[in-house]
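A quick write-up on the structure given underneath.
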Amino acid sequence: MAPGGGVCKVVESHPKYANYDITAAKAEKRSTQIKSNSGWGEKHGMPSTNGVHELLECPVCKNLMYPPIHQCPNGHTLCSSCKFRVHNCCPTCHLELGNIRCLALEKVAESLELPCRYQSLGCYDTFPYFSKLKHEQHCRFRPYNCPYAGSECSVMADIPTIVSHLKEDHQVDLHDGCTFNHRYVKSKPHEVENATWMLTVFNCFGRQFCLHFEAFQLGMAPVYMAFLRFMGEDSEAKKFSYTLEVGAYDRKLTWQGVPRSIRYSHRKVRDSQDGLLIPRHLALFFSGGDRQELKLRITGRIWKGQ
Ligand SMILES: [Zn+2]
Ligand SMILES: [Zn+2]
Ligand SMILES: [Zn+2]
Ligand SMILES: [Zn+2]
Numbered sequence: 001m002a003p004g005g006g007v008c009k010v011v012e013s014h015p016k017y018a019n020y021d022i023t024a025a026k027a028e029k030r031s032t033q034i035k036s037n038s039g040w041g042e043k044h045g046m047p048s049t050n051g052v053h054e055l056l057e058c059p060v061c062k063n064l065m066y067p068p069i070h071q072c073p074n075g076h077t078l079c080s081s082c083k084f085r086v087h088n089c090c091p092t093c094h095l096e097l098g099n100i101r102c103l104a105l106e107k108v109a110e111s112l113e114l115p116c117r118y119q120s121l122g123c124y125d126t127f128p129y130f131s132k133l134k135h136e137q138h139c140r141f142r143p144y145n146c147p148y149a150g151s152e153c154s155v156m157a158d159i160p161t162i163v164s165h166l167k168e169d170h171q172v173d174l175h176d177g178c179t180f181n182h183r184y185v186k187s188k189p190h191e192v193e194n195a196t197w198m199l200t201v202f203n204c205f206g207r208q209f210c211l212h213f214e215a216f217q218l219g220m221a222p223v224y225m226a227f228l229r230f231m232g233e234d235s236e237a238k239k240f241s242y243t244l245e246v247g248a249y250d251r252k253l254t255w256q257g258v259p260r261s262i263r264y265s266h267r268k269v270r271d272s273q274d275g276l277l278i279p280r281h282l283a284l285f286f287s288g289g290d291r292q293e294l295k296l297r298i299t300g301r302i303w304k305g306q
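Rendered as C-alpha cells:
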C-alpha cells in the first residue's frame with residue numbers, strides 16, 4: 001500500500017452475503033456453463049483480435065492505447081494522455097499511479113494491425129500503429145477541406161458532400177461542361193484588398209474543378225489571378241490540363257497549366273502564382289471604359305492529357 005494519502009478510496013472486497021447457498025451456487029454454475037457452451041461457436045467465429053482490442057481500449061477515453069501505456073500498482077492500464085488528465089490517480093481503483101509502464105501491453109499494441117481510420121470512407125488497409133498514423137496523414141480517402149476561399153470554413157468531407165456544401169452554404173455556381181466563358185465585374189477595381197473571392201465549380205469528365213478568381217497584392221503591385229483546382233487527389237489532377245484567356249482590343253493573355261489538387265490550400269496555389277496573373281493596369285485596359293469598373297471576360301477549356 002502506498003503510504004499516506006496514496007489511496008484515494010478504499011474498495012470493499014468482502015461480499016455481503018457470507019452464507020451463500022451452495023446448491024444455488026451449483027445451479028448457477030451449471031447454467032452459466034450451458035450459456036457459455038451455447039455461445040462458444042458464436043464467439044469462436046469472431047475475429048481473434050477483438051479481445052485484444054478490448055484490452056487495448058483506454059478505460060477513460062475509449063481510444064486504443066499505444067506506447068507509452070501506463071498502469072497503476074493494481075495493474076489497471078490507461079493511455080498516456082489520460083494519465084496526464086487524471087492527475088496521477090487511477091480512475092479504476094483510485095490508487096496513486098506513479099510511473100509504471102505496461103511493457104507487455106505495449107508489445108501487443110505494436111504488433112497489432114489496425115484499420116485506417118478512414119475505413120468508412122473507403123480505405124480498407126490495415127497497418128501497425130505508428131505506420132497507421134503516418135498513412136492516415138496521406139490517406140487518399142481522408143476528407144477534403146472545403147475549397148471555398150476568403151472565409152474560415154471548417155467543413156471537411158468527401159467530394160460529393162463538399163460539392164453540395166459549396167452549392168448550399170456558399171451559393172457557388174455549378175456549371176456543366178469543359179469550356180467556360182466567365183465575366184467578372186467589380187465596381188471598385190482600386191480596392192484590391194476588399195476584392196471578393198469568387199469561385200465557380202465545373203463539372204467536366206465526371207469530375208469537378210474549382211475556378212478561382214481574386215485580387216491581391218503581389219509585392220507592391222495589385223494583381224488579379226485566375227486558376228483552376230481539381231477536386232480530388234494530385235495524382236489525378238495531373239491527368240488534366242487547362243487554358244485560361246483574358247483580353248480585349250486584339251490583345252490577350254493566355255495561361256496553360258495543370259490544375260492543382262484542392263489538397264493544396266488555395267493560398268499555397270495563389271502564392272506560387274500557378275495560374276493566370278493579370279496586372280491591374282492590363283485588367284483595367286481590358287475592362288475599357290473609364291477605368292472605374294473592372295469588367296473581365298475569362299474564357300477557358302479543360303482537357304485530358306498534356
Ligand atoms: Zn485514454
Ligand atoms: Zn488502479
Ligand atoms: Zn487509409
Ligand atoms: Zn465551406
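Under the UniProt record's numbering, the first residue of the sequence shown is numbered 1, with each subsequent residue one higher. Beta carbons are placed, not taken as given, at the ideal position from N, Cα and C, and that holds for glycine.
- The DSSP assignment places 129-138, 159-169 as complete runs of the alpha helix (DSSP H) inside the UniProt domain "SIAH-type" (111-171), in order along the chain (cut-off: 4 residues).
- With contacts defined as CB atoms closer than 8 Å, Y148 and L174 fail to qualify as a contacting pair.
- Three or more Cβ pairs closer than 8 Å define a contact, and the region 273-286 meets that threshold against the region 239-248.
- Checking the 7 Å criterion, the Cβ of F141 is within range of a heavy atom belonging to ligand 3.
- Boundaries of the beta strand (DSSP E) around F240: 240-248.
- Counting C-beta atoms within 10 angstroms of its own C-beta, G232 has 16 or more neighbours from the protein chains shown and is therefore classed as buried.
- Proximity annotation: ligand 1 has residues C58, V60, C61, N63, M65, L78, C79, S81, C82 in chain order, each selected because its CB is closer than 7 Å to a heavy atom of the ligand.
- Listed in chain order, the alpha helix (DSSP H) elements of length 4 or more contained wholly in the UniProt domain "RING-type" (58-94) are 80-85.
- In the structure shown, the three-state DSSP call for S235 is helix.
- In this structure, the beta-carbon distance from M65 to A104 does not fall below 8 Å.
- Beyond the five residues adjoining it in sequence on each side, V163 comes within less than 8 Å, by CB distance, of L174, V201, Q208, M231 in the same chain, given in chain order.
- One Cα belongs to E96, the other to H70, and the distance between them is close to 12 Å.
- According to the DSSP assignment, R267 belongs to the alpha helix (DSSP H) that extends over 266-271.
- Within 10 angstroms of the beta-carbon of G219 lie fewer than 16 other beta-carbons, which makes it exposed.
- The closest CA to that of Q119, considering only Q292, E136, F84, is found on E136.
- A check of alpha carbon separations from D169 across C79, F180, V155 identifies V155 as the nearest.
- Ranked by Cα distance from T161, the first of L121, C204, W303, P68 is L121.
- One thing to note: L199 has its Cβ within 8 Å of the Cβ of V172.
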